[in-house]
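Colleague:
There are 2 protein chains.
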Amino acid sequence: MTQSNGPVKIDSKAVAQTLLDQYDTFLFDCDGVLWLGTHLLPHIKETLDLLIANGKTLYFVTNNSTKSRAAYAKKFASFGVTVSEDQIFTSGYASALYVRDSLKLQPGKDKVWVFGESGIAEELKLMGFDSLGCNDPRLDQAFDITTSPFITEGLDPSVKCVIAGLDTKVNYHRLAITLQYLQQPDVKFVATNIDSTYPNKGYILPGAGSMINCVAFASGREPAACGKPNPNMLNAIVTAKNLERSKCCMVGDRLNTDIRFGVEGKLGGTLLVLTGIETEKNALDTSGDHPLPKYYADKLGDIYELIN
Amino acid sequence: MTQSNGPVKIDSKAVAQTLLDQYDTFLFDCDGVLWLGTHLLPHIKETLDLLIANGKTLYFVTNNSTKSRAAYAKKFASFGVTVSEDQIFTSGYASALYVRDSLKLQPGKDKVWVFGESGIAEELKLMGFDSLGCNDPRLDQAFDITTSPFITEGLDPSVKCVIAGLDTKVNYHRLAITLQYLQQPDVKFVATNIDSTYPNKGYILPGAGSMINCVAFASGREPAACGKPNPNMLNAIVTAKNLERSKCCMVGDRLNTDIRFGVEGKLGGTLLVLTGIETEKNALDTSGDHPLPKYYADKLGDIYELIN
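Written out as C-alpha cells, the structure reads:
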C-alpha cells in the first residue's frame, strides 16, 4: 500500500491490517461511532473483539457529561460489550479531574456548583467533592428571588468552582443561581465541553456549549473547557494511562472535535467514520478550517468485515 | 448658565428650567428612573405632572418585553400615574412593529414563534398575528423528542419568524423547539433586546440577551435586535408619533442602552439619572466606550424639587 497525501480510505484488507499494525491503543468516540442513541451499529462488537484479540488497548472518550462512567459501562453491557469504568472518559469526569488536578481544589473542603446533570456530580463525589445545584429538586421550583433558598440562605462560601454542562433540566432558577456564583471572581468556571448542538434521532438539539454560553455572556466570563477537542481531556487520559501518543489512534465521527482532538493532541493516527455527521466529501475537503483524518471508513465495522 | 463641554448636572433651578425650555418631548426609561421594581422613586409623580403642566409630551420606552403596554399602563395606574397605552413602547411591541413593518409579515396569514413571555404575544395579537410557543403549557412538560407535540405534529409551516426575549419559563423544551424553527433559513430571527443582565432587588439576573445567545449560538445565527439602544425602536417611535428629534430628550439610567439610544438616535438631549446602575463617576467618565449624556441628575425628582 502506498501512503497518499490525503486521508486513506479503509476499503481493503491490506489497509485495515496496516491500521491494526500501526497502533496499540485505540480511543473511541461513542455516539455516531459505536452506536446511534440506543441502536448499536453493525459489527461493532466483532470489531472491538478483533482489536482486543490483537492485543490492542481500548478507551472510550465522550463529550456526553450527562452520564457517569459507571452509567456508560452499563450502556456498553446492555449491548453485550464488556467495558470497565476505567476504560471510559466522559467530559464530566474530565471536568472533575481538572478541578482536582489543575485547579487544585481540595476534596472534603472545597465544593462545586454544578449546572448540569448527574454524570458530573457522580464523578465529583467519587473524588470526594461535595457538589451543589445539579438535580437539587428545589431548583425545579419557579424562581422567585425573595423565596429561593439559594438566595435566602446565602451563597455557600465553600463553593470554589462552577462546572457547567448539558442540562436538560435547565430553567431560570438554575441560570440565575449559577450566575450568582459566577459573579464571584474567586469562583472558577469550567465547561464540560463547548459543542453548540448534538444530534438526536435525526434532530439537532441545543448542546452544552449553547447553554454554557448563556451564563458565560451573563457573567462576562469564559470557561475553561474540558471536553474534546480541548487538550485538557487528552492530557488527563495520557497521564492517567501512561500512553505513548504515537501509538494511539483516535476514532470519531466529527472532524472538528474528534479528529481535531487527535491531530492537535499529536496522536499517531486518526480515523473518521461516516456513521455520524460527516460525509466522504467532508473527509476529503481540504478547504475547511478543520484538520483531516489520517484514515476514514464508511463504518467502524468495516475493519472486522475486511479482515475476515 | 454657561454650557460646559461635559455633562451638566441638574443641581439648580436655572439648569432645570433650561432643560424644560429646550425640549418638548421626553422619553423615559422606566425601571431605575421612575421606579425600582415595585417602589416608586421620590417626586416622580410630581415631576411628570410638572412636565405635563408645561405642555410637554411624555413617552415611556422600556426593554422589558415580559409585560404588554396594557400591563404597563396598569402598573403606572397602580402608582397613581395616568399614562395611556399609546404613550408606552416596550421592546415586545417594538419587535411586533418590526415584524409587521420591516419584515412585512402578513397578519392573519404568517405566524410567529415566541421564545419569551406574554408581553410579546399580546402585542402580536393586537396586530392580528397568531403566535405559537410562549406560554403554551405543553412546553412546560419535560422535553422528549419522541413525544413533544411540537415535533410529532411537525413544525408549523406558517411560522415565518422567531421573536426571542426574556423568558423566566425557559426550559429545554422551549430551547429545543425554538432551535428547530431557527434551523429553517426562511424563518426570520428577531430579538426584543440584547441586555445580558438586569438588576432585581439588589441582584444581577440573566437578561434577554443571555437567553437569546443560547439559541443564537446553537443555530449559528444573529438576531435583528429591536430594543434600546437599537435604532429600530427609536425609528418606530419617531415615525408613529411624528417626532422632531432635536426637540426630544431621552431620560435613562444606563449609559450603554438609554444614553446611547438617545445619542445615536440623534435626539436633541439626553439625561442620565443616578437612581439606577450608574454613578456620578460613570456619568463624567470620558475614558469608556459609551457616549456621555448632555445632562445628569441624582434623581428625576430633582427637577420638581428645584423648580418649586
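Chains as they are written, first to last, in the working numbering: chain A, 3 to 310; chain B, 3 to 310. All C-beta atoms, glycine included, are put in the ideal place defined by N, C-alpha and C.
For V35 (chain A), which residues of its own chain have a beta-carbon under 7 Å away from its beta-carbon, when the five flanking residues on both sides are left out?
Modeller: V253, G254, D255, V275, T277, G278 and L302
Colleague: Check the Cβ-Cβ distances between D291 (chain A) and every residue of chain B, and say whether any is below 8 Å.
Modeller: Cβ-Cβ to chain B under 8 Å: no for D291 (chain A).
Colleague: What would DSSP say about Q5 (chain B), mapped onto helix, strand or coil?
Modeller: Low confidence applies to Q5 (chain B): its pLDDT is 45, below 50, so where it sits in the model is not reliable enough to give any reading.
Colleague: Using DSSP bridges, identify the partner residues of P201 (chain B).
Modeller: In the DSSP output, where bridge partners are listed per residue, P201 (chain B) has B:I206.
Colleague: Please classify H41 (chain A): is it buried, with 16 or more other beta-carbons within 10 angstroms of its beta-carbon, or exposed?
Modeller: Per the 10 Å Cβ criterion, exposed.
Colleague: Would T27 (chain B) and K249 (chain B) qualify as a contact pair, given that the criterion is a beta-carbon distance under 8 Å?
Modeller: yes
Colleague: What residue range is occupied by the uninterrupted beta strand (DSSP E) comprising D132 (chain A)?
Modeller: D132 to G135
Colleague: Report, in whole angstroms, the separation of the C-beta atoms of I12 (chain A) and L308 (chain A), which I expect to be a contact under 8 Å.
Modeller: 7 Å
Colleague: Expressed to the nearest angstrom, what Euclidean distance is found between the alpha-carbon atoms of S80 (chain A) and D158 (chain A)?
Modeller: Rounded to whole angstroms, the gap between the alpha carbons of S80 (chain A) and D158 (chain A) is 40 Å.
Colleague: From which residue to which residue does the alpha helix (DSSP H) around Y306 (chain B) run?
Modeller: D304 to I309
Colleague: Checking 8 Å against the spacing of the C-beta atoms, do G1 (chain B) and N195 (chain B) come in under that value?
Modeller: Residue coverage of chain B in this structure runs from 3 to 310, which leaves residue 1 (chain B) outside it and unanswerable.
Colleague: Can you tell which of B:D197, B:V164 and B:Y306 has its C-alpha closest to the C-alpha of N258 (chain B)?
Modeller: B:D197
Colleague: Would I165 (chain B) and V63 (chain B) qualify as a contact pair, given that the criterion is a beta-carbon distance under 8 Å?
Modeller: no
Colleague: Roughly how many angstroms separate the alpha carbons of A218 (chain A) and N310 (chain B), rounded to a whole number?
Modeller: Distance from the CA of A218 (chain A) to the CA of N310 (chain B), rounded to the nearest whole angstrom, comes to 48 Å.
Colleague: Excluding the 5 residues preceding and the 5 following D300 (chain B) in the sequence, name in chain order all residues of the same chain whose CB lies nearer than 6 Å to its CB.
Modeller: Same-chain partners within the cutoff: L276.
Colleague: What does the Cβ neighbour count give for D260 (chain B), buried or exposed, with the cut at 16 atoms within 10 Å?
Modeller: Buried.
Colleague: Cα separation between A75 (chain B) and C228 (chain B)?
Modeller: 21 Å
Colleague: Alpha carbons only, please: which of A:C163, A:G290, A:K283 and A:I239 is nearest the one belonging to G267 (chain A)?
Modeller: A:I239
Colleague: Roughly how many whole angstroms lie between the Cα atoms of Y205 (chain A) and K111 (chain B)?
Modeller: 27 Å
Colleague: Please compile the residues from chain B whose C-beta is within a distance smaller than 8 Å of the C-beta of P208 (chain A).
Modeller: Y174, L177, A178, L181, C216, V217 and A220
Colleague: Return the chain-ordered ranges of every alpha helix (DSSP H) run that is complete within the stretch 145-219 of chain A and spans a minimum of 4 residues.
Modeller: 151-154 and 174-184
Colleague: If G209 (chain A) sits next to L168 (chain A), beta carbons under 8 Å apart, how far is it from one beta carbon to the other, in whole angstroms?
Modeller: G209 (chain A) to L168 (chain A), Cβ: 6 Å. Contact.
Colleague: Listing by chain order, which chain A residues have their CB less than 7 Å from the CB of L198 (chain B)?
Modeller: Here residue 198 (chain B) is Ser; the residue named in the question, Leu, does not match the sequence. Here the neighbours are F219 and A220.
Colleague: Leaving aside the five residues before and after K190 (chain A) along the sequence, list all residues of the same chain whose C-beta is less than 6 Å from its C-beta, in chain order.
Modeller: L105 and C163
Colleague: For F62 (chain B), write down the residues that DSSP places opposite it in a beta bridge.
Modeller: B:F30 and B:I90.
Colleague: Using a Cβ-Cβ cut-off of less than 8 Å, give me the residues of the stretch 123-148 of chain B that come near chain A, in sequence order.
Modeller: A144, F145, I147 and T148
Colleague: Between which residues of its own chain and G94 (chain B) is the CB-CB distance below 6 Å, once the five residues before and five after are set aside?
Modeller: S67, G121, I122, E125 and T194
Colleague: What residue from A:S160, A:D304, A:G82 and A:D103 has the CA that sits closest to D188 (chain A)'s CA?
Modeller: A:S160
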